[in-house]
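Structure first, commentary second.
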Amino acid sequence: MNHPPVLLRTLTDLRANTASWHSEGLTVGMIPTMGALHDGHLALVEEARRRVDRVVATIFVNPTQFGPKEDFTAYPRTEASDVAKLATLGVEAVFAPNAAEMYPPGHATTISLAGPALGLETDYRPHFFAGVATVVAKLLLGGFPDIAMFGEKDYQQLLVVRQMVKDLRLPTEIVALPTVREPDGLALSSRNAYLSPDERRTAPKLASVLNETAAAIRAGGDHAHHLRHGFNALESAGFRPDYLELRNAETLASPAESSGEPLRLLVAAWLGKTRLIDNIAV
Ligand code: AMP
Numbered sequence: 067m068n069h070p071p072v073l074l075r076t077l078t079d080l081r082a083n084t085a086s087w088h089s090e091g092l093t094v095g096m097i098p099t100m101g102a103l104h105d106g107h108l109a110l111v112e113e114a115r116r117r118v119d120r121v122v123a124t125i126f127v128n129p130t131q132f133g134p135k136e137d138f139t140a141y142p143r144t145e146a147s148d149v150a151k152l153a154t155l156g157v158e159a160v161f162a163p164n165a166a167e168m169y170p171p172g173h174a175t176t177i178s179l180a181g182p183a184l185g186l187e188t189d190y191r192p193h194f195f196a197g198v199a200t201v202v203a204k205l206l207l208g209g210f211p212d213i214a215m216f217g218e219k220d221y222q223q224l225l226v227v228r229q230m231v232k233d234l235r236l237p238t239e240i241v242a243l244p245t246v247r248e249p250d251g252l253a254l255s256s257r258n259a260y261l262s263p264d265e266r267r268t269a270p271k272l273a274s275v276l277n278e279t280a281a282a283i284r285a286g287g288d289h290a291h292h293l294r295h296g297f298n299a300l301e302s303a304g305f306r307p308d309y310l311e312l313r314n315a316e317t318l319a320s321p322a323e324s325s326g327e328p329l330r331l332l333v334a335a336w337l338g339k340t341r342l343i344d345n346i347a348v
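Per the working numbering: the sequence shown = residues 67 to 348.
As C-alpha cells, this is what we get:
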C-alpha cells in the first residue's frame, strides 16, 4: 500500500515541496495534466517514476487554453478518482490549484509564441497555445522539476513546450512518450468520454486513415494527392476534418517534396460535437 500523495493547492506549497526534495539531493519529475486521467496519463507517470526520485502530477483544467465557445465547463473533472489512481502509482504529490491561484485578479502576462505554434491547431484554436505555454511555464517555475513528461498525442503542444523551455532556458528536461491507444487504435483522450456509442465505433477510423495516408506517402507519389485522399476518407467516414497535414517532425514547417526530412502527419477532426486530434510519424 502506497502512502497517499500530498495534495498541494498553492504554488507556494508546490515550490516548498520540490525545494525540500531538491535540498535532500532528490530528483523531481512533473506530469502536467487536466485530470480525467486515463492510461495515457498514467504511462507518463510510470515513466517518471522510473526516472526520478519524487513525482508530482498536476491537475488543472486551464481556462486560458479554451476558446469562448469551447468545452471548458463540460470538461470532465474527476479529482478524487484521479488522486486515487495516482496513489496506486506511488506519486508523492498532486498539485491541484484553483483558477484564482494560477490566475489571480489582474493577471496580465501571457507567453507569445511563434515557430512550432504557427498553423495547425492555432488556425482553429487561436488562444490555445498561449494558454498552454503560460500555464506550463507557471507550473515549471512553480516546481523547477528536473524532468517534465508530455505525450506525443498532443504533438504540436509537445514541440511548443520544448521550444518555450529552450527559449526561456528553463532548467527542466522535457521527456516525450508515444501515444497510448485503445486496442482498436483510437488514441486515449479525456474527450473520448463525449462520444456516443455510434461515434465511438467510428472514432478509430481517424487512426486508420492516418496510418493509410502515412503508408501511401512512404510508398511515394504526390503528397497533396495522398492528403486529399485521406481528407475525403475522413469525410466519408462521417468526420468533419479541420486539417490533415504533413509537416517536418522537428519544426512543424511545411516540408519540401522528397527532401528526406523527418515527417509527421497530423490530424484534427470533429465527430459530432467532439473534436479529436491524432498524429503519427511518417
Ligand atoms: P491533458 O490532460 O489532455 O492535457 O494531457 C496531459 C498530458 O498527457 C499531455 O502531455 C498529453 O499529451 C498526455 N496524453 C494525453 N493523452 C495521451 C495518450 N493517449 N497517450 C500518451 N500521452 C497522452
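The beta carbon of each residue, even a glycine, is placed where N, CA and C say it ideally should be.
Practice item. State the start and end residues of the unbroken beta strand (DSSP E) segment that holds residue 330. Key: Counting from 1 along the sequence shown, the entry for residue 330 is found at position 264. Element bounds for residue 330: 329–337.
Practice item. For residue 169, name the three-state secondary structure that DSSP assigns. Key: As a first step, residue 169 is located in the sequence shown; it is residue number 103 there, counting from the start. Three-state DSSP puts residue 169 in coil, outside helix and strand.
**Study point:** Start-end ranges of the beta strand (DSSP E) lying completely within the segment 101–164, minimum 3 residues
**Key:** 120–125, 159–161
Practice item. Would you kindly report the start and end of the unbroken beta strand (DSSP E) that includes residue 309? Key: Position 243 of the sequence shown, counted from the start, is the residue given in the question as residue 309. Looking at the DSSP string, the run of the beta strand (DSSP E) that includes residue 309 is 306–314.
**Study point:** Start-to-end residues for the beta strand (DSSP E) that takes in residue 176
**Key:** Here residue 176 refers to the residue found at position 110 of the sequence shown. Note, residue 176: premise wrong, no beta strand (DSSP E); not H, not E.
Review point. Going straight from the alpha carbon of residue 222 to that of residue 131, what length do you get?
Key: Numbered from its first residue, the sequence shown carries residue 222 at position 156. Numbered from its first residue, the sequence shown carries residue 131 at position 65. Their backbone Cα atoms lie some 14 Å apart in a straight line.
Review point. For residue 92, which of helix, strand or coil comes out of DSSP?
Key: Indexing the sequence shown from 1 puts residue 92 at position 26. Of the three classes helix, strand and coil, the one that applies to residue 92 here is coil, per DSSP.
Review point. For the beta strand (DSSP E) that contains residue 216, what are its first and last residues?
Key: On the sequence shown, position 150 is the one that residue 216 refers to. Its beta strand (DSSP E) spans residues 213–217.
Check your understanding: Less than 7 Å between the CB of residue 220 and some heavy atom of ligand 1, yes or no?
Key -> By one-based count along the sequence shown, residue 220 stands at place 154. Yes, the beta carbon of residue 220 sits closer than 7 Å to at least one heavy atom of ligand 1.
**Study point:** Through-space distance from residue 103 to residue 150, alpha-carbon basis
**Key:** Counting from one through the sequence shown, the residue named residue 150 turns up at place 84. Counting from one through the sequence shown, the residue named residue 103 turns up at place 37. About 10 Å.
**Study point:** Classification of residue 178 by the beta-carbon crowding that lies within 10 angstroms, buried from 16 upward
**Key:** Residue numbering aside, residue 178 sits at position 112 when the sequence shown is read from its first letter. It counts as exposed.
Point to revise | Heavy atom of ligand 1 within 7 Å of residue 142 beta-carbon | key: For this step, residue 142 is matched to residue 76 along the sequence shown. No, the Cβ of residue 142 stays beyond 7 Å of every heavy atom of ligand 1.
Check your understanding: In the DSSP assignment, what residue or residues form a beta bridge with residue 345?
Key -> Stepping through the sequence shown from its first residue, residue 345 is reached at position 279. Paired residues: 332.
Exercise for review: Note down, in chain order, each residue of its chain lying with its Cβ closer than 7 Å to the Cβ of residue 215, except the 5 sequence neighbours on either side.
Suggested key: Here residue 215 refers to the residue found at position 149 of the sequence shown. So the list reads 95, 97, 110, 113, 114, 241, 243, once near-sequence residues are dropped.
Exercise for review: On a CA-only basis, which of 100, 194, 293, 249 is nearest residue 205? Give me that one, please.
Suggested key: Reading the sequence shown from its first residue, position 139 is the one you call residue 205. Here the closest residue by C-alpha is 100.
Point to revise | Where residue 184 sits in the DSSP three-state scheme | key: Reading the sequence shown from its first residue, position 118 is the one you call residue 184. Coil, per DSSP.
Review point. With 16 as the cutoff for other CB atoms within 10 Å, does residue 323 come out buried or exposed?
Key: Counted from its first residue, the sequence shown places residue 323 at position 257. So residue 323 counts as exposed.
Practice item. Using only alpha-carbon positions, find the residue among 331, 315, 321, 339 that is nearest to residue 306. Key: Position 240 of the sequence shown holds residue 306. Of the candidates 331, 315, 321, 339, the one whose C-alpha sits nearest the C-alpha of residue 306 is 339.
Point to revise | Nearest-angstrom beta carbon gap, residue 163 and residue 75 [assumed within contact, 8 Å] | key: Taking the sequence shown and counting its residues from 1, the one referred to as residue 75 is at position 9. Taking the sequence shown and counting its residues from 1, the one referred to as residue 163 is at position 97. Confirmed, about 6 Å.
Check your understanding: Would residue 301 be called buried (16 or more neighbouring beta carbons within 10 Å of its own) or exposed?
Key -> Looking up residue 301 in the sequence shown gives position 235. When all chains shown are included, residue 301 counts as exposed.
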